[in-house]
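Student: Numbering (our numbering), first residue to last: 60 to 485. No residue lacks a Cβ here, since even glycine has one placed at the ideal position from N, Cα and C. In this text, all values refer to a predicted model and were calculated from it rather than measured experimentally.
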Amino acid sequence: MTGPSPIRFHRYVAIGDSSTEGLDDPDGRGHFRGWADRLAEQVAVAQGGLHYANLAVRGRRTRQVLEDQLNPALALAPDLVTIFTGTNDVVSRRFDPEAIRRDLAAMHHPLVDSGATVLTFTLPDLSPIMPLARLLGGRIATLNDVVRQVAAEAGVILLDFARIPTTTDPRLWSADRFHANSAGHTRIAAALALALGLPGADPDWAAPLPGSPPSGVTSALRAEGRWIRDHFLPWVVRHLQGRSSGDGVHPKRPELEWILPGDLERSRAAPASDRPDASRCPGGRGILQEHFCPAPHYPSHPGGSMRFRYAIVFVTDLDVSIRFYRDLVGLPLREESRTAAEFDVGDTTFALHAAHVDDPQHHHPPMLAGSCRLGFAVDDLDATHRRLVEAGVRCRTEPETSYDNRVALYEDPDGMNFTLAQRQIG
């Protein structure tokens with residue numbers, strides 16, 4: 060017997076501070092990788108690809124993550140989200156647990172309510188890594204209690220790293236003692252992957268490291284001196300001057316990008332417009348999908364029969380794609396505008412639309428290059444809408460009247476958009 064299939068994720072968005080951004084896990088090209096990238100890679104390996112965005116910025120406190128990252132994250136309609144924040148609140152002059160609780164709740168609840176799987180984790184005790192952190196022990200414990208409480212209330216998956224002894228091994232932390240090193244980020248990603256039930260996730264992520272950390276009074280004093288000189292004093296000076304490590308820093312992946320297994324390990328991500336596919340045009344613009352075949356009729360369903368009417372492919376370069384389908388494929392061009400083109404393919408319509416263009420007329424969300432939207436005609440949109448919603452189909456826009464049509468937008472199980480329309484008479 061085989062177990063249940065793992066959940067398939069389509070859009071993963073990571074929000075938070077420097078830990079989520081990837082410090083201190085260098086990618087070898089002057090940037091940072093981090094546990095969020097590593098988790099995205101594992102999801103991509105498990106299911107063949109993933110859309111991934113990382114909105115985190117170093118130095119951000121919980122309130123800043125709420126104000127700067129929550130709405131952009133929700134706008135990307137993620138079905139997988141990671142949130143980790145609070146470290147910068149702990150080291151700030153003013154520490155307000157109640158404000159942190161409110162801000163975390165204001166992030167966790169909307170994301171969970173949107174249907175996303177949300178993960179977070181607690182902050183390990185830093186005193187074994189950084190003796191001065193003993194002064195912050197009470198704050199860290201309070202922060203972790205707040206995180207546990209809010210996660211439980213919102214239904215967020217919590218990994219309680221604070222209760223895992225291995226997480227305080229100095230060999231998993233970078234020289235600045237504030238951030239995990241590459242080995243630490245690898246273990247965080249493994250823990251999250253295991254919590255998601257991903258195939259191949261490492262069940263031994265919490266196992267103790269072999270051997271023991273370096274010891275000796277002389278070497279410890281030397282290490283402490285170097286840390287105070289190279290990391291602690293510069294941090295103190297920067298904060299006294301009112302500066303943050305995140306000043307002038309922007310999210311490294313502000314938009315969803317399509318990644319394939321191995322992309323992030325090579326420190327690059329392929330945007331959706333560059334997604335390899337056997338049915339792509341040679342110019343790398345647009346993607347035809349097998350879903351273009353006409354849909355069957357279902358006359359017995361409430362709402363009457365459903366008939367395939369059109370397919371829209373969203374492309375990066377409209378002119379290049381028009382030339383491809385008109386001149387190479389041989390489709391007769393019916394009409395074109397600055398943002399769209401339609402081809403004559405018989406009783407149905409095949410259209411190209413420029414990617415990232417809002418549709419204020421129908422309130423449709425922007426679409427990424429390489430994505431597709433299908434259109435069907437129905438006899439009774441309201442009856443069909445009720446049937447789909449009762450069956451758990453996600454509705455992006457409720458039925459509304461536009462010119463002589465009544466339309467609504469939905470998502471199929473793979474996150475592809477499709478429109479239903481009922482022509483209004485009279």
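What is the residue span of the beta strand (DSSP E) that residue 239 lies within?
Tutor: Here the question's residue 239 lines up with position 180 in the sequence shown. Per DSSP, residue 239 belongs to no beta strand (DSSP E) and is neither H nor E.
Student: If you reduce the DSSP assignment to three classes, tell me which class residue 93 lands in.
Tutor: Here residue 93 is taken as the residue at index 34 of the sequence shown, counted from 1. It is helical.
Student: Alpha carbon to alpha carbon, how far is residue 436 from residue 407? Give it in angstroms, no decimals.
Tutor: The residue given as residue 407 occupies position 348 in the sequence shown. The residue given as residue 436 occupies position 377 in the sequence shown. Distance between the alpha carbons of residue 407 and residue 436: 11 Å.
Student: Does the stretch 125 to 143 come into contact with the stretch 163 to 178, if we say contact requires no fewer than three beta-carbon pairs (one atom in each stretch) closer than 8 Å?
Tutor: Yes, since at least three Cβ pairs between the stretch 125 to 143 and the stretch 163 to 178 fall closer than 8 Å, the two stretches touch.
Student: Starting from residue 308, follow the beta strand (DSSP E) in both directions and report where the run begins and ends.
Tutor: The residue you call residue 308 lines up with position 249 of the sequence shown. Taken as a continuous stretch (DSSP letters only), residue 308 belongs to no beta strand (DSSP E), as it is neither H nor E.
Student: In its own chain, which residues sit with a C-beta less than 7 Å from the C-beta of residue 72, not counting the 5 before and 5 after it?
Tutor: Within the sequence shown, residue 72 is the residue found at index 13, counting from 1. Taken in chain order, the residues that qualify are 112, 114, 132, 135, 137 and 140.
Student: Would you give the residue range spanned by the beta strand (DSSP E) that residue 510 belongs to?
Tutor: Residue 510 is absent from the structure shown; the chain starts at 60 and stops at 485.
Student: Please give the ranges of any alpha helix (DSSP H) in the stretch 427 to 481, keeping only runs that are unbroken, at least 4 residues long and fully inside the region.
Tutor: Runs found: 440 to 449.
Student: Assuming residue 455 and residue 476 are in contact, meaning their beta carbons sit under 8 Å apart, how far apart are those beta carbons, in whole angstroms?
Tutor: Residue numbering aside, residue 455 sits at position 396 when the sequence shown is read from its first letter. Residue numbering aside, residue 476 sits at position 417 when the sequence shown is read from its first letter. Residue 455 to residue 476, Cβ: 7 Å. Contact.
Student: Which residues in the same chain as residue 99 place their Cβ atom closer than 7 Å to its Cβ, once the five residues preceding and following it in sequence are excluded?
Tutor: Sequence index remark: in the sequence shown, residue 99 carries index 40 (1-based). 71, 109, 111, 318 and 323, listed in sequence order.
Student: If I measure Cβ to Cβ from residue 84 and keep anything under 6 Å in the same chain, skipping five residues before and after, which residues do I get?
Tutor: Locating residue 84 in the sequence shown gives position 25, where the first residue counts as 1. Correct list, in chain order: 91, 92, 93, 241 and 244.
Student: Could you tell me whether the stretch 120 to 127 touches the stretch 150 to 163, where touching means 3 or more Cβ pairs closer than 8 Å?
Tutor: The stretch 120 to 127 is in contact with the stretch 150 to 163.
Student: Distance check for residue 414 and residue 464, CA to CA, integer angstroms please.
Tutor: Along the sequence shown, one-based indexing puts residue 464 at 405. Along the sequence shown, one-based indexing puts residue 414 at 355. Computed Cα separation, rounded: 24 Å.
Student: Just the Cα atoms here: how many angstroms apart are residue 418 and residue 376?
Tutor: Locating residue 418 in the sequence shown gives position 359, where the first residue counts as 1. Locating residue 376 in the sequence shown gives position 317, where the first residue counts as 1. Any reading at residue 418 must be qualified, since the residue scores a pLDDT of 47, below 50, and its modelled position is unreliable; the value itself is stated next. When rounded, the distance between both Cα atoms is 18 Å.
Student: Tell me which same chain residues have a C-beta within less than 8 Å of the C-beta of residue 171, skipping the five on either side of it?
Tutor: The sequence position of residue 171 within the sequence shown is 112, counting from 1. So the list reads 177, 213, 214 and 215, once near-sequence residues are dropped.
Student: With 16 as the cutoff for other CB atoms within 10 Å, does residue 130 come out buried or exposed?
Tutor: Sequence index remark: in the sequence shown, residue 130 carries index 71 (1-based). So residue 130 ends up on the exposed side.
Student: Could you tell me if residue 271 is buried or exposed, where buried requires 16 or more neighbouring beta carbons within 10 angstroms of its beta carbon?
Tutor: Numbered from 1 along the sequence shown, position 212 holds the residue referred to as residue 271. With fewer than 16 other Cβ atoms within 10 Å, it is exposed.
Student: Going by Cα to Cα distance, which pick from 120, 251, 258 and 255 is closest to residue 265?
Tutor: Translated into positions along the sequence shown, residue 265 becomes position 206. Ranking 120, 251, 258 and 255 by Cα distance to residue 265 puts 251 first.
Student: Which residues share a DSSP beta bridge with residue 318?
Tutor: Locating residue 318 in the sequence shown gives position 259, where the first residue counts as 1. Its beta-bridge partners are 109.
Student: With respect to the beta strand (DSSP E) encompassing residue 69, which residues constitute its N-terminal and C-terminal limits?
Tutor: Residue mapping note: residue 69 aligns to position 10 of the sequence shown, counting from 1. Premise fails: residue 69 is in no beta strand (DSSP E) and is neither H nor E.
Student: Taking the alpha carbon of residue 149 as the reference point, which residue from 88, 118 and 210 has its own alpha carbon closest?
Tutor: Your numbering for residue 149 matches position 90 in the sequence shown. Considering only alpha carbons, the answer is 118.
Student: Taking 6 Å as the limit between beta carbons, can you name the residues of its chain near residue 247, skipping five residues before and five after?
Tutor: Position 188 of the sequence shown, counted from the first residue, corresponds to residue 247. 94.
Student: Alpha helix (DSSP H) containing residue 159: first to last residue?
Tutor: Your numbering for residue 159 matches position 100 in the sequence shown. Unbroken alpha helix (DSSP H) run through residue 159: 156 to 172.
Student: Determine the direct distance from the alpha carbon of residue 202 to that of residue 159, and round the result to whole angstroms.
Tutor: Here residue 159 is taken as the residue at index 100 of the sequence shown, counted from 1. Here residue 202 is taken as the residue at index 143 of the sequence shown, counted from 1. So the alpha carbons of these two residues sit roughly 8 Å apart.
Student: Residue 169: which of 79, 210, 269 and 200 sits nearest, CA to CA?
Tutor: The residue labelled residue 169 in the question sits at position 110 within the sequence shown. With distances taken between Cα atoms, residue 169 lies closest to 210.
Student: Looking only at its chain, what residues have a beta carbon closer than 6 Å to the beta carbon of residue 120, apart from the 5 residues adjacent to it on each side?
Tutor: On the sequence shown, position 61 is the one that residue 120 refers to. These residues qualify, in order along the chain: 147 and 148.
Student: Could you check the C-alpha separation between residue 186 and residue 153 for me, to the nearest Å?
Tutor: In the sequence shown, the residue the question calls residue 186 occupies position 127. In the sequence shown, the residue the question calls residue 153 occupies position 94. In a straight line, the C-alpha of residue 186 is about 20 Å away from that of residue 153.
Student: If you follow the alpha helix (DSSP H) that residue 79 is part of, which residue opens it and which one closes it?
Tutor: Residue mapping note: residue 79 aligns to position 20 of the sequence shown, counting from 1. Looking at the DSSP string, the run of the alpha helix (DSSP H) that includes residue 79 is 77 to 80.
Student: Report, in whole angstroms, the separation of the C-beta atoms of residue 467 and residue 458, which I expect to be a contact under 8 Å.
Tutor: Counting from 1 along the sequence shown, the entry for residue 467 is found at position 408. Counting from 1 along the sequence shown, the entry for residue 458 is found at position 399. Confirmed, about 4 Å.
Student: Determine the extent of the alpha helix (DSSP H) in which residue 210 is found, giving its start and end residues.
Tutor: Sequence index remark: in the sequence shown, residue 210 carries index 151 (1-based). It spans 196 to 213 - the alpha helix (DSSP H) in which residue 210 sits, taken as one unbroken run.
Student: Return yes when the Cβ of residue 411 is within less than 8 Å of the Cβ of residue 448, no when it is not.
Tutor: Counting from 1 along the sequence shown, the entry for residue 448 is found at position 389. Counting from 1 along the sequence shown, the entry for residue 411 is found at position 352. No, the Cβ-Cβ distance between residue 448 and residue 411 is not below 8 Å.
Student: Can you give me the Cβ contacts of residue 206 inside the same chain, cut-off strictly under 6 Å, excluding the 5 residues immediately before and after it?
Tutor: Position 147 of the sequence shown, counted from the first residue, corresponds to residue 206. Closer than 6 Å at Cβ, skipping near neighbours: 181.
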